[in-house]
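**Q** Just so you know, we're using my numbering here: the sequence shown kicks off at 1 and counts up by one.
Heads up, the beta-carbon is just placed ideally off N, CA and C, and yes, glycines get one too.
If you scroll down you'll find the structure; I have some questions about it.
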Amino acid sequence: MKPIRTAIFGTGFTGRVHREAVRRLESVEVVAIAAETTEDARPLGANFSVPTLTTDYRELLRDPAIDVVHICTPNAMHFPMAKESLLAGKHVLCEKPLATTVEEAEELVSLAARHGLRNCVCHNLRYYPMVQQMRRLCEAGDLGEILVVQGTYSQDWLLYDTDWNWRVDARVGGPSRCMADIGSHWFDMAEHITGLRLTSLCADLQTFHTTRKKPKHSVETFANKLLGPEDYIETAVATEDFGAVLFHMGVRTRGSVTASQVSAGRKNRLSIEIYGTRSSAAWDQERPDELWVGHRNTGNEIFLKDPSLLKPAARSYADLPGGHSEGYDDTFKQVFRRFYATISAPGGATEYPQFVDGLRQLTILDAALQSHQTRGWIDVPTPTISH
Ligand SMILES: NC(=O)c1ccc[n+]([C@@H]2O[C@H](COP(=O)([O-])OP(=O)(O)OC[C@H]3O[C@@H](n4cnc5c(N)ncnc54)[C@H](O)[C@@H]3O)[C@@H](O)[C@H]2O)c1
């Protein structure tokens, strides 16, 4: 079978993760990389034997041999790159957030539909095996009626005012930083696991560092600890370091979440806890193979990942036997495998987050920004979503 030919835009943290994950798929070849500079492109291209390297992504869009584009660039580039890719007839896998405004995301959803192209937004964190197990516990009614959904997504890499990344700048990252960057993963997961939808919310956002020291040279994501204190420019910051959101999911379910990029010691702690009328389940991304299951009248359990013990519908998200850990990298493989299956065999089920799910996150983010500005509760419009 002719391999699917893919181009990746962006060579930073996520571009490399995508490159590696695509390489694990059968019948997909990364044939081109678009980078910001030639120096960025060269190591990735050479290490992975990618034949075409360019600093002009449009050159790749003009190439009829390229079937798929992965967009792994800063957020504000997602909309123009995705739009142009769809118009050029490419299937698109875009990093989250899909765009920086609801209007942009709506346009991408309708463009993809009009052109009949596969579209995916990379909410990969859904695809940890134990997250899928939680989803199926909810679906089977094992937790009872869901009363409370709560959690956090906490990191520490922007704790100091000397910490800088393009995400800090609203022109490059969009009007929301912490909520868009990591809160969106949490909300996507909460709706995916429970099958419930946020119906209203009340948000409080905080920018602790209203100015930051911007390095004179560009800094790759998570690499800022390697810099010395020299050569910074004092720069005003409008995007939030922290957000707290109270929310309703329908008539009875209640929830709360915090997202933070200033929590010392928390590297990538997405924690989600679901409390039902029968029992509870809790999961923490920093211990991905463990699921805590809580009971009122018997001992609590720690369920260790083992495909043979997972609910049948969760099993296909675990590739390795019990005791063989599966982590962050593997979630990309799970998304990509399902995305590419719908390209090689069109007409099958689309079991991955699509642009409508990216639009959903933009809608929630927009409500959070409005709520913060007006200091009040905001209704979240009912979504059309794929999951
Ligand atoms: N799904 C996840 O788990 C996850 C994790 C991290 C980041 N992300 C998302 O991935 C995207 C990139 O984030 P990152 O952390 O990799 O950032 P990064 O700064 O590490 O990388 C961004 C890359 O884009 C490149 N770039 C900039 N302009 C370009 C252009 N015109 N053409 C081609 N390349 C260009 C930069 O040179 C850099 O290599 C963001 O949207 C972010 O939200 C997703």
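Considering Pro129, what are the terminal residues of the alpha helix (DSSP H) in which it resides?
**A** The residue labelled residue 129 in the question sits at position 129 within the sequence shown. Pro129 -> alpha helix (DSSP H) spans Pro129 to Glu139.
**Q** Does ligand 1 have even one heavy atom less than 7 Å from the beta-carbon of Ala264?
**A** Against the sequence shown, residue 264 aligns to sequence position 264. No, since every heavy atom of ligand 1 falls outside the 7 Å radius drawn around the Cβ of Ala264.
**Q** Please list the segments of the beta strand (DSSP E) lying wholly inside the segment 12-59, counting only runs of 3 or more residues, in order along the chain.
**A** Counting whole runs of 3 or more residues, the segment 12-59 contains the beta strand (DSSP E) stretches 28-34 and 52-54.
**Q** Look up Glu95 in the DSSP assignment and say whether it is helix, strand or coil.
**A** Stepping through the sequence shown from its first residue, residue 95 is reached at position 95. DSSP places Glu95 in coil when its eight states are reduced to three.
**Q** Please tell me whether, using a cut-off of 7 Å, the distance from the CB of Lys96 to the nearest non-hydrogen atom of ligand 1 is below it.
**A** Your numbering for residue 96 matches position 96 in the sequence shown. Yes, the beta carbon of Lys96 sits closer than 7 Å to at least one heavy atom of ligand 1.
**Q** Taking DSSP's pairing of strands, which residues face Asn124 in a bridge?
**A** Taking the first residue of the sequence shown as 1, we reach residue 124 at position 124. Note: Asn124 sits in no beta bridge, so no partner.
**Q** Verify whether the separation of the beta carbon atoms of His399 and Phe9 is less than 8 Å.
**A** Residue 399 falls outside the range modelled here, since the chain spans only 1 to 387, and no answer is possible.
**Q** I need the straight-line Cα distance from Met179 to Pro3, nearest angstrom please.
**A** Here residue 179 refers to the residue found at position 179 when the sequence shown is read from its first residue. Here residue 3 refers to the residue found at position 3 when the sequence shown is read from its first residue. Cα to Cα, the separation comes out at about 37 Å.
**Q** For Gly243, which beta-bridge partners are listed by DSSP?
**A** In the sequence shown, counting from the first residue as 1, residue 243 sits at position 243. Partner(s): Leu205 and Ala259.
**Q** From Asp306 to Pro321, what does the alpha carbon distance come to, in whole angstroms?
**A** In the sequence shown, residue 306 corresponds to position 306, counting from 1. In the sequence shown, residue 321 corresponds to position 321, counting from 1. Going by the C-alpha atoms only, they are around 6 Å apart.
**Q** DSSP three-state call for Ala236: helix, strand or coil?
**A** Within the sequence shown, the letter at position 236 stands for residue 236. In this structure, Ala236 counts as strand in the three-state DSSP scheme.
**Q** Rounded to whole angstroms, what is the Cα-Cα separation between Gly141 and Thr14?
**A** For the purposes of this step, residue 141 is taken as the residue at position 141 of the sequence shown. For the purposes of this step, residue 14 is taken as the residue at position 14 of the sequence shown. Answer to the nearest angstrom: the Cα atoms are 36 Å apart.
**Q** Just how far apart, CA to CA, sit Gln132 and Thr54?
**A** Taking the first residue of the sequence shown as 1, we reach residue 132 at position 132. Taking the first residue of the sequence shown as 1, we reach residue 54 at position 54. Going from the Cα of Gln132 to the Cα of Thr54 covers about 38 Å.
**Q** Looking at the structure shown, is Leu320 part of a helix, part of a strand, or coil, going by DSSP?
**A** Within the sequence shown, residue 320 is the residue found at index 320, counting from 1. Here Leu320 sits in coil by DSSP.
**Q** Grouping DSSP H, G and I as helix and E and B as strand, with all else coil, what is Thr253?
**A** What you label residue 253 is simply residue 253 of the sequence shown in a count that begins at 1. In the structure shown, Thr253 sits in a strand (DSSP, three-state: E or B).
**Q** Can you find a heavy atom of ligand 1 that lies under 7 Å from the Cβ of Met179?
**A** Here residue 179 corresponds to residue number 179 of the sequence shown, with the count starting at 1. No, ligand 1 has no heavy atom inside 7 Å of this Cβ.
**Q** Would you say Pro353 touches ligand 1, meaning its beta carbon is less than 7 Å from a heavy atom?
**A** As a working mapping, residue 353 is identified with position 353 in the sequence shown. No, the beta carbon of Pro353 sits no closer than 7 Å to any heavy atom of ligand 1.
**Q** Name the two residues that bound the continuous beta strand (DSSP E) containing Trp283.
**A** As a position in the sequence shown, residue 283 is number 283, starting the count at 1. Here the beta strand (DSSP E) through Trp283 covers Ser279 to Asp284.
**Q** Between Glu301 and the rest of its own chain, which residues show a CB-CB distance below 6 Å, the 5 nearest in sequence each way excluded?
**A** Here the question's residue 301 lines up with position 301 in the sequence shown. Around Glu301: Val293.
**Q** Does DSSP classify Thr363 as helix, strand or coil?
**A** Counting from one through the sequence shown, the residue named residue 363 turns up at place 363. Helix, per DSSP.
**Q** Give the range of the beta strand (DSSP E) segment to which Ser271 is assigned.
**A** What you label residue 271 is simply residue 271 of the sequence shown in a count that begins at 1. From DSSP, the beta strand (DSSP E) with Ser271 extends over Arg269 to Gly276.
**Q** Below 8 Å on the Cβ atoms is my guess for Gly476 versus Gly183; work out the distance and round it to an integer in Å.
**A** No information on residue 476 is available, as it lies outside the stretch 1 to 387 that the chain covers here.
**Q** Quick check: the Cα distance between Ala349 and Pro215, rounded to an integer number of angstroms?
**A** The sequence position of residue 349 within the sequence shown is 349, counting from 1. The sequence position of residue 215 within the sequence shown is 215, counting from 1. Their backbone Cα atoms lie some 46 Å apart in a straight line.
**Q** Please return the same chain residues whose Cβ sits closer than 7 Å to the Cβ of Ala318, not counting the five positions on each side in sequence.
**A** Mapped onto the sequence shown, residue 318 falls at position 318. Cβ within range, chain order: Pro129, Lys305, Pro307, Leu310 and Glu326.
**Q** How many angstroms separate the CA atom of His209 from the CA atom of Thr258?
**A** For the purposes of this step, residue 209 is identified with residue 209 of the sequence shown, where counting begins at 1. For the purposes of this step, residue 258 is identified with residue 258 of the sequence shown, where counting begins at 1. Their backbone Cα atoms lie some 18 Å apart in a straight line.
**Q** Which term fits Ser279, buried or exposed, when burial requires 16 or more other beta carbons within 10 angstroms of its beta carbon?
**A** In the sequence shown, residue 279 corresponds to position 279, counting from 1. So Ser279 counts as buried.
**Q** Can you name the start and end residues of the alpha helix (DSSP H) that Lys333 belongs to?
**A** Locating residue 333 in the sequence shown gives position 333, counting from the first residue. Unbroken alpha helix (DSSP H) run through Lys333: Tyr328 to Ser344.
**Q** Specify the secondary structure class of Thr162 as computed by DSSP and reduced to three states.
**A** Translated into positions along the sequence shown, residue 162 becomes position 162. Here Thr162 sits in coil by DSSP.
**Q** At what residues does the alpha helix (DSSP H) containing Arg114 begin and finish?
**A** Indexing the sequence shown from 1 puts residue 114 at position 114. Per DSSP, Arg114 belongs to the alpha helix (DSSP H) from Val102 to His115.
**Q** On a Cα-Cα basis, can you pick out the residue from Asn297, Leu158, Leu108 and Pro97 that is closest to Gly265?
**A** Sequence index remark: in the sequence shown, residue 265 carries index 265 (1-based). Comparing Cα positions, the closest option is Leu158.
**Q** I'd like to check one pair, Leu270 with Leu125: are the Cβ atoms closer than 8 Å?
**A** Here residue 125 corresponds to residue number 125 of the sequence shown, with the count starting at 1. Here residue 270 corresponds to residue number 270 of the sequence shown, with the count starting at 1. Closer than 8 Å, so yes.
**Q** How is Glu351 classed by DSSP in three states: helix, strand or coil?
**A** Translated into positions along the sequence shown, residue 351 becomes position 351. Coil at Glu351, not helix or strand.
**Q** On the DSSP bridge list, what partners appear for Glu84?
**A** Taking the first residue of the sequence shown as 1, we reach residue 84 at position 84. Note: Glu84 sits in no beta bridge, so no partner.
**Q** Considering just the uninterrupted stretch of the beta strand (DSSP E) at Gly294, what are its terminal residues?
**A** Taking the sequence shown and counting its residues from 1, the one referred to as residue 294 is at position 294. Its beta strand (DSSP E) spans residues Glu290 to His295.
**Q** Give the secondary structure of Pro175 by DSSP, where H, G and I count as helix, E and B as strand, and everything else as coil.
**A** As a working note, residue 175 is residue 175 in the sequence shown. The answer is coil: DSSP assigns Pro175 none of H, G, I, E or B.
**Q** Given a cut-off of 8 Å on the beta-carbon distance, is the pair Ala21 and Ile33 in contact?
**A** In the sequence shown, counting from the first residue as 1, residue 21 sits at position 21. In the sequence shown, counting from the first residue as 1, residue 33 sits at position 33. Not in contact: Ala21 and Ile33 (Cβ atoms no closer than 8 Å).
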